[in-house]
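So the structure is just underneath, and the comments pick up after that.
Protein chains: 2
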Amino acid sequence: MEEQIRIGIVGYGNLGKGVELAIKQCEDMQLVAIFSRRKPESLGIFDKTIPVLPISKAKEYQDKIDVMILCGGSARDLPEQGPFFAKFFNTVDSFDTHAKIPQYFEAVNQAATAHGKTSIISVGWDPGLFSLLRTISEAILPDGKTYTFWGKGVSQGHSDAIRRIEGVKAGIQYTIPSNEAITLVRKGERPNLTISDKHQRECFVVAEDGADKAKIESAIKTMPDYFLDYKTTVHFISETEFKEKHSQMPHGGFVIRSGQTNGNNNQLVEFSLKLSSNPEFTASVLTAYARAAYRLKQEGQIGAKTVLDIAPVYLAKKPVTTLRSEL
Amino acid sequence: MEEQIRIGIVGYGNLGKGVELAIKQCEDMQLVAIFSRRKPESLGIFDKTIPVLPISKAKEYQDKIDVMILCGGSARDLPEQGPFFAKFFNTVDSFDTHAKIPQYFEAVNQAATAHGKTSIISVGWDPGLFSLLRTISEAILPDGKTYTFWGKGVSQGHSDAIRRIEGVKAGIQYTIPSNEAITLVRKGERPNLTISDKHQRECFVVAEDGADKAKIESAIKTMPDYFLDYKTTVHFISETEFKEKHSQMPHGGFVIRSGQTNGNNNQLVEFSLKLSSNPEFTASVLTAYARAAYRLKQEGQIGAKTVLDIAPVYLAKKPVTTLRSEL
Chain H
1 MEEQIRIGIV
11 GYGNLGKGVE
21 LAIKQCEDMQ
31 LVAIFSRRKP
41 ESLGIFDKTI
51 PVLPISKAKE
61 YQDKIDVMIL
71 CGGSARDLPE
81 QGPFFAKFFN
91 TVDSFDTHAK
101 IPQYFEAVNQ
111 AATAHGKTSI
121 ISVGWDPGLF
131 SLLRTISEAI
141 LPDGKTYTFW
151 GKGVSQGHSD
161 AIRRIEGVKA
171 GIQYTIPSNE
181 AITLVRKGER
191 PNLTISDKHQ
201 RECFVVAEDG
211 ADKAKIESAI
221 KTMPDYFLDY
231 KTTVHFISET
241 EFKEKHSQMP
251 HGGFVIRSGQ
261 TNGNNNQLVE
271 FSLKLSSNPE
281 FTASVLTAYA
291 RAAYRLKQEG
301 QIGAKTVLDI
311 APVYLAKKPV
321 TTLRSEL
Chain V
328 MEEQIRIGIV
338 GYGNLGKGVE
348 LAIKQCEDMQ
358 LVAIFSRRKP
368 ESLGIFDKTI
378 PVLPISKAKE
388 YQDKIDVMIL
398 CGGSARDLPE
408 QGPFFAKFFN
418 TVDSFDTHAK
428 IPQYFEAVNQ
438 AATAHGKTSI
448 ISVGWDPGLF
458 SLLRTISEAI
468 LPDGKTYTFW
478 GKGVSQGHSD
488 AIRRIEGVKA
498 GIQYTIPSNE
508 AITLVRKGER
518 PNLTISDKHQ
528 RECFVVAEDG
538 ADKAKIESAI
548 KTMPDYFLDY
558 KTTVHFISET
568 EFKEKHSQMP
578 HGGFVIRSGQ
588 TNGNNNQLVE
598 FSLKLSSNPE
608 FTASVLTAYA
618 RAAYRLKQEG
628 QIGAKTVLDI
638 APVYLAKKPV
648 TTLRSEL
């Protein structure tokens, strides 16, 4: 049997759990250890035989792990963990604070380059696969416009905002791409669209007993930045229905490049995702890029990379000759 | 001003014309010469200042052209031209005889490697972008099925078959992806579908005066391999309508990967193209990959490549730091 790529997971929230599941689908990979700040018993990991260790012990695994998949958050975990782990391991992460990507890239690149490691940052679907599709389709159709729509999916920030309103017991918000806007773009019309033209917001709320529902609905719909500029609908439901129907984490979206070749012909490139579980899909993307990080390092291609630097062959388990025969 | 990438075109049919148009949209490129077997006057090229030369003169342009875009056909031109031009130039081509790609790759690779050139073969959308999307989405969702649908678009082979029937003056065939099949796949059902389950065939026919239309329709619908297994519709139209409405070359298609992550969640990745002009779009893809061929050669990455070997950064005109800040 071929040797397996040895993977470690840092951070075991929804994303880390997803990576554990994704590795099980990859015969060429093996999960060696999970590193977490929390107590092993509290994590609920799927495979109880996997050692769970405090993050401080990670360094001891330098020779036992080929790629460390960093599953912490972009706000507080990764700015520190990214450059730190890049000194000891090849890494993959899903850093997604758009405005800070160049500075995060520099920090990780410095650490990885100095220590001969390969790190792929900002992996996932946006940033990630969507970035890749935007770059490729803009290169092919330089005269055109790119549209990104998000949803249908849960927005954590908007759900939190609903839950802070007086009288709300539970609440969730789905961002929904506007069908009218998508239809217009697919027709090749290339309209100018704001983010609120492109999206609607649908809220499901469980009200406290005796709460004023009209007041809650108005508080949501008039909330500046979050809801005011959007077509927003509010549904009041029972706590039972809420638990039954709204505990999943679906998401998705569309990237559409609408362009024109020089003979005045409209050309449309569309990429879309419809995900029943956002964290499990993002984890699957990270896992595929872990394979790429391992191979790039083997080839001596060290330093920080993004998805734009990775040729598709590095992601696939299949050998390149097979891929070529299946082109 | 930065130096432009100097491009040559070999073969000036619909694809070559499309490349001439595509280069006009790329400020970083310049068309140096067109090589053709036909007489310059007969080509109808857009920019009359571009020199048109016989293919035998191409070698004299070794120092004047950075990348040669080979626009000949896969059946008769490329098997010879691909390995030949790879000795003298970096090349890009759209070789699309699926079964022969590995052997074509070897021939071009040998020539390019021996002469220190970079050649990207089988560029376009299928093989090409569709191959890229199939490879990436299968790597991310190893447990799943991939579906490719073609259309709505003109099939040259099927149109020719119609025109060979007695009593047919003109005819065209559109391959149409089955909505029922696409809907089923998008639901995440992962059915087993044959190529005839996935596609329907729509024919527009101009009959000769006095021809037996019922007989023509039956001849089409019962033609083995081409139409028999498909849901086929035949419309008889006038020659005027035929010329007005059926002189375009639209095409397109869908690649859908329907997979399941290990938590039993359905995940759907979809890529689609809706093209008003198939040759102009394919030409735009070739032109973007010419930029990649030029840069790879500059980096010393020689030999034959396919789209699977090319990282997205090589396609974009924008510098990598800009791309990264726009992730």
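The listed protein sequences derive, respectively, from chains H and V. If you read the first sequence in the numbering used here, its first letter stands for residue 1, the second for the next number, and so on. If you read the second sequence in the numbering used here, its first letter stands for residue 328, the second for the next number, and so on. Even glycine gets a Cβ: it sits at the ideal position worked out from N, Cα and C. No experiment lies behind these values; they were computed from the predicted model shown.
Can you find a CB in chain V that lies within less than 7 Å of the CB of residue i?
i	result
residue 135/H	yes
residue 306/H	yes
residue 267/H	yes
residue 285/H	yes
residue 288/H	yes
residue 340/H	The requested residue 340/H is not part of the displayed model; chain H covers only 1 to 327.
residue 274/H	yes
residue 53/H	no
State buried or exposed for residue i, treating a residue as buried only when at least 16 other CB atoms are found within 10 Å of its CB.
i	result
residue 179/H	exposed
residue 171/H	buried
residue 328/V	Residue placement at residue 328/V cannot be trusted, given a pLDDT of 49 that sits under 50; the coordinates are not used to answer.
residue 575/V	exposed
residue 158/H	buried
residue 66/H	buried
residue 17/H	buried
residue 62/H	exposed
residue 646/V	exposed
residue 429/V	exposed
residue 99/H	exposed
residue 195/H	exposed
Strictly under 7 Å for the Cβ-Cβ distance: is residue i near chain H by that measure?
i	result
residue 624/V	no
residue 328/V	Unreliable placement is indicated for residue 328/V, whose pLDDT of 49 sits below 50; the coordinate value is still reported in the next sentence. Output row for residue 328/V: interface = no.
residue 590/V	yes
residue 651/V	yes
residue 474/V	no
residue 598/V	yes
residue 467/V	yes
residue 571/V	no
residue 484/V	no
residue 449/V	yes
residue 643/V	yes
I want to verify the contact list: residues of chain V whose CB lies under 9 Å from the CB of residue i, in sequence order.
i	result
residue 143/H	352
Any C-beta of chain C sitting closer than 7 Å to the C-beta of residue i?
i	result
residue 154/H	Note that chain C does not occur in the displayed structure, where the protein chains are H and V.
Closer than 7 Å by beta-carbon distance: list the chain V residues that pair up with residue i, in chain order.
i	result
residue 309/H	638, 640
Counting only the same chain and skipping the five closest in sequence on each side, list residues whose C-beta sits under 7 Å from that of residue i.
i	result
residue 131/H	307, 308
residue 650/V	640, 643
residue 182/H	149, 254
residue 469/V	none
residue 602/V	577, 578, 579, 608
residue 4/H	28, 29, 30
Between which residues of its own chain and residue i is the CB-CB distance below 6 Å, once the five residues before and five after are set aside?
i	result
residue 297/H	90, 118
residue 447/V	419, 616, 620, 632
residue 422/V	401, 405, 431, 448, 449
residue 533/V	496, 497, 566, 569
residue 256/H	147, 185, 270
residue 462/V	635
residue 573/V	499, 531
residue 540/V	534, 563
Within a Cβ cutoff of 8 Å, which residues of the same chain sit near residue i, ignoring the five residues on either side of it in sequence?
i	result
residue 253/H	125, 126, 130, 148, 149, 150, 151, 153, 177, 272, 273
residue 557/V	523, 526, 527, 528
Whose Cβ in chain V lies nearer than 8 Å to the Cβ of residue i?
i	result
residue 127/H	654
residue 101/H	651, 652, 654
residue 277/H	588, 590, 592, 594
residue 98/H	654
Mind listing the chain H neighbours of residue i? Cutoff is C-beta to C-beta under 7 Å, in chain order.
i	result
residue 269/V	The requested residue 269/V does not occur in the structure, where chain V is confined to residues 328 to 654.
residue 459/V	312
residue 608/V	261, 267
List, in chain order, every chain H residue whose beta-carbon is nearer than 9 Å to that of residue i.
i	result
residue 578/V	Chain H residues near residue 578/V: none, gap ~10 Å exceeds 9 Å.
For a contact meaning CB atoms closer than 8 Å, what does residue i contact in chain H?
i	result
residue 345/V	261, 263
residue 349/V	261, 262
residue 432/V	324
### Task
Report yes or no: do the region 333-347 of chain V and the region 384-403 of chain V share at least 3 C-beta pairs separated by less than 8 Å?
Yes, the region 333-347 of chain V touches the region 384-403 of chain V.
### Query
Does the region 207-221 of chain H touch the region 182-199 of chain H, meaning 3 or more C-beta pairs lie closer than 8 Å?
no
### Query
For the region 361-368 of chain V against the region 379-390 of chain V, are there 3 or more C-beta pairs whose distance is under 8 Å?
yes
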